[in-house]
Amino acid sequence: MDRSKKVIFTSHCVLNQNTVVCPLARAKGPYRDIVQKLMEEGIGIHQLPCPEYRHLGLKRKPMTKSQYDTVEFRNLCKKIGKDAVNIMKEYLDNDYLIVGLLGIKGSPSCSLRGEKGILMEELLSIAKDNGISLNLLDVPGEYVDGKDNKEFIEDLDGFLSFHQDP
Ligand code: SF4
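In this note's numbering, the protein residues as written are 2 to 167.
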């Protein structure tokens, strides 16, 4: 079977809410409506590591961006960002389409729109240095698995159809 040659990069918790800080999980596991949409479109999903999980583990408390903003956490995010950009380069060098990057609105690490999270600041800076420009979308705070997520799925649909096929 031919592959689609289309890949989206996502924050870790789009596919695994088990890493989210307690008590903020919005699904038992993955965000099913989002995953279903990506499956319908035949888009491969590249899941970024969760930087907060790597830094402080599962027992961490909710923290602000300024509380996370230490040299150690920035360096971790730089490392994750560099690895992700290297993977993006390999896709692009082989004529794959990166349809975009899906983050989490309001996250101190993974927010893309408005005030950016630390991981996304570092990743986007490294991407820019490598001449890579990404289409960006955040999962909004209202998104909850099992609720009516139609409005966001319509936004996602527009986001996904932004590009031409490779
Ligand atoms: S750091 Fe990012 S991937 Fe990890 S739980 Fe928060 S928003 Fe999700």
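Heads up, the beta-carbon is just placed ideally off N, CA and C, and yes, glycines get one too.
These figures come from a predicted structure and were not determined experimentally.
- As a beta-bridge residue in DSSP terms, residue 98 pairs with 7.
- In the DSSP assignment, residue 47 falls within the beta strand (DSSP E) that extends over 45-48.
- Beta-bridge partners assigned by DSSP to residue 138: 103.
- Relative to residue 111, the option among 21, 5, 7 and 4 whose CA is nearest is 21.
- The Cβ atoms of residue 48 and residue 11 sit closer than 8 Å to each other.
- Beyond the five residues adjoining it in sequence on each side, residue 44 comes within less than 8 Å, by CB distance, of 5, 7, 8, 9, 100 and 161 in the same chain, given in chain order.
- Excluding sequence positions up to five before and after residue 108, its CB lies within less than 6 Å of the CB of 118, all in the same chain and listed in chain order.
- In this structure, the straight-line span from the alpha carbon of residue 106 to that of residue 142 is close to 6 Å.
- The nearest non-hydrogen atom of ligand 1 is 7 Å or more from the C-beta of residue 47.
- Put simply, the residues with a CB less than 6 Å from any heavy atom of ligand 1 are 12, 13, 14, 20, 21, 51, 52, 53, 54, 105, 108, 110 and 111, in chain order.
- Non-local beta-carbon contacts of residue 17 in its own chain, meaning distances under 7 Å to residues more than five positions away in sequence, involve 30 and 31 in chain order.
- The continuous alpha helix (DSSP H) containing residue 159 extends over residues 151-161.
- Annotated three-state conformation of residue 23 is coil, per DSSP.
- Sequence-distant Cβ neighbours of residue 127 in its own chain, meaning closer than 6 Å and more than five residues away, are 82, 83 and 86.
- Secondary structure of residue 90 (DSSP, three-state): helix.
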